[in-house]
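*Asks:* So for the sequence shown, full-length UniProt numbering puts the first residue at 1; every next one is plus one.
For every residue, glycine included, the Cβ atom is placed at its ideal position computed from N, Cα and C.
Treat the numbers as computed from the prediction; the structure is a model and nothing was measured.
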Amino acid sequence: GHMEGEVWGLAAHPLLPVCATVSDDKTLRIWELSSQHRMLAVRKLKKGGRCCAFSPDGKALAVGLNDGSFLVVNADTVEDMVSFHHRKEMISDIKFSRETGKYLAVASHDNFVDIYNVLTSKRVGICKGASSYITHIDWDSRGKLLQVNSGAKEQLFFEAPRGKRHVIRIAELEKIEWDTWTCVLGPTCEGIWPMHSDVTVVNAATLTKDGTLLATGDDFGFVKLFSYPVKGQHAKFKKYVGHSAQVTNVRWLHNDSVLLTVGGADTALMIWTREFLGIQESKLVDSEESDTDAEEDGGYDSDVAREKAIDYTTKIYAVSIREMEGTKPHQQLKEVSVEERYVTQRHSISKHGLHSFESLFNQLKLIFRNKTGILKFIRVFKMLFICYSMLV
């Protein structure tokens, strides 16, 4: 599929097992997610893109490009319907409002979110006030309120269509029904963030239609599943590994049966099947579960932190090569060199020869005990042999 650059744009069709991806390689691709897993269409673009979104009826597809422009194409033919170019920086997120898809919100790295009326093809509002680039946006279920995340860890709210900013209390925020939840900031998802991480670590999030399961993709290449809401720090999760690079985007399919993920540098689109056993979700292949929330040890938010705490040196040499219990290092046995082995071997042979000669001498004594001359000769020979052995 995609080649040079990175893949960030991912959108799931609202009605069919189909998805769209857009990449830095200046192509838009439509994929069928049935058993064939084939590419349905490809469209060359004038610039690379990093976000895309289907309209609520699935007939239109909006694509944000890296030069600050965006276009809306026919989802079946991928031919242009309308295009705009109001910003200079990259378009980072784009979404249609619910129901008829009357409004289209377009977020950019210019720190603004532009709101367009799809029916009249005009810009009708601008959301201002973010102190950094926009990372994620979501509409509420009525299509009147817009949630915005920024690179300064801001969670902002704007009223459509004019883009008037609103301040919403946490108690009121939890009562709002959102059409989608792809934002990564806020009190209901604060537990997805690893310890000591910045705002760029978690790249994407997506919530199931029933609002119970939140999936995330991060810079470590992990796909994680959390029970929603994810309140408090260091929440429990299930982790899945498949990408060889950072996971840049994640999306649930329309019926929440499949999770789609894309990798940045590996340019891969992966399909994860969600299986059920009764009312409990089955454990998928290659998954790992976190141990704690925030227990007395501080809570491991991911295996990355756990691995950093492991002393691999002591683990590798936990079993000693030699039995040295109670022996200090400077007193432990050392490997014997080849020269030392040779000298030791010669001394061992000499001592063995001496013991053999003494045994022979005792036997000769029994034979020649009455032969004084022979006995003296043997004694002299023994002394000579001892001297020779000492010299050797």
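For Ile-176, report the span of its alpha helix (DSSP H) as first-last.
*Replies:* No alpha helix (DSSP H) contains Ile-176, which DSSP labels as neither H nor E.
*Asks:* Use the C-beta contact count for Asp-218: other C-beta atoms within 10 angstroms, 16 or more gives buried, fewer gives exposed.
*Replies:* buried
*Asks:* Suppose only complete runs of 3+ residues qualify. What are the beta strand (DSSP E) ranges in the region 82 to 149, listed by chain order?
*Replies:* 91 to 96, 103 to 108, 113 to 117, 122 to 127, 134 to 139
*Asks:* CB-CB under 7 angstroms to Gln-331, same chain, minus the five flanking residues each way: which ones, in chain order?
*Replies:* With a pLDDT of only 43 at Gln-331, under the threshold of 50, the placement of this residue in the model should not be trusted; the figure read from the coordinates follows. Here the set comprises nothing.
*Asks:* Out of Ser-69, Asp-76, Asp-67, Glu-174, state which residue places its alpha-carbon closest to the alpha-carbon of Ala-20.
*Replies:* Asp-76
*Asks:* Pick from Ala-41, Gly-125, Gly-151, Glu-174: whose alpha carbon is nearest that of residue 394?
*Replies:* Within the shown structure, residues of the chain are numbered from 1 to 392, placing residue 394 beyond reach of any answer.
*Asks:* Distance check for Val-202 and Asn-249, CA to CA, integer angstroms please.
*Replies:* C-alpha separation (whole angstroms): 10 angstroms.
*Asks:* Using the rule of at least 16 other Cβ atoms within 10 Å of the residue's Cβ for burial, across every protein chain shown, is Leu-28 buried or exposed?
*Replies:* buried
*Asks:* Would Trp-252 and Thr-206 be called neighbours here (beta carbons separated by less than 9 angstroms)?
*Replies:* yes
*Asks:* Nearest to Asn-149 by alpha carbon, out of Glu-159, Thr-135, Arg-162, Asp-67?
*Replies:* Thr-135
*Asks:* When DSSP labels each residue in this structure, what does Gly-217 get in the three-state scheme?
*Replies:* strand
*Asks:* Under 9 angstroms, do Phe-70 and Phe-96 count as touching if we go by C-beta distance?
*Replies:* The Cβ-Cβ distance between Phe-70 and Phe-96 does not fall below 9 angstroms.
*Asks:* Could you tell me the distance, in whole angstroms, from the CA atom of Lys-209 to the CA atom of Leu-10?
*Replies:* 17 angstroms
*Asks:* Which of the three DSSP states, helix, strand or coil, is assigned to Ala-75?
*Replies:* coil
*Asks:* Distance check for Gly-58 and Met-81, CA to CA, integer angstroms please.
*Replies:* 14 angstroms
*Asks:* For Pro-187, which of Ile-170, His-254, Ile-176, Trp-181 has the nearest alpha-carbon?
*Replies:* Ile-170
*Asks:* Our contact map puts Gln-233 next to Glu-190 with C-beta atoms below 8 angstroms; I'd like the distance itself, whole angstroms only.
*Replies:* Indeed they touch by this definition, with Cβ atoms about 7 angstroms apart.
*Asks:* Is Glu-172 helix, strand or coil by DSSP?
*Replies:* helix
*Asks:* With DSSP as the reference, label Gly-68 as helix, strand or coil.
*Replies:* coil
*Asks:* Per DSSP, what kind of secondary structure is Gly-191 in: helix, strand or coil?
*Replies:* Note: Gly-191 maps to helix in three-state DSSP.
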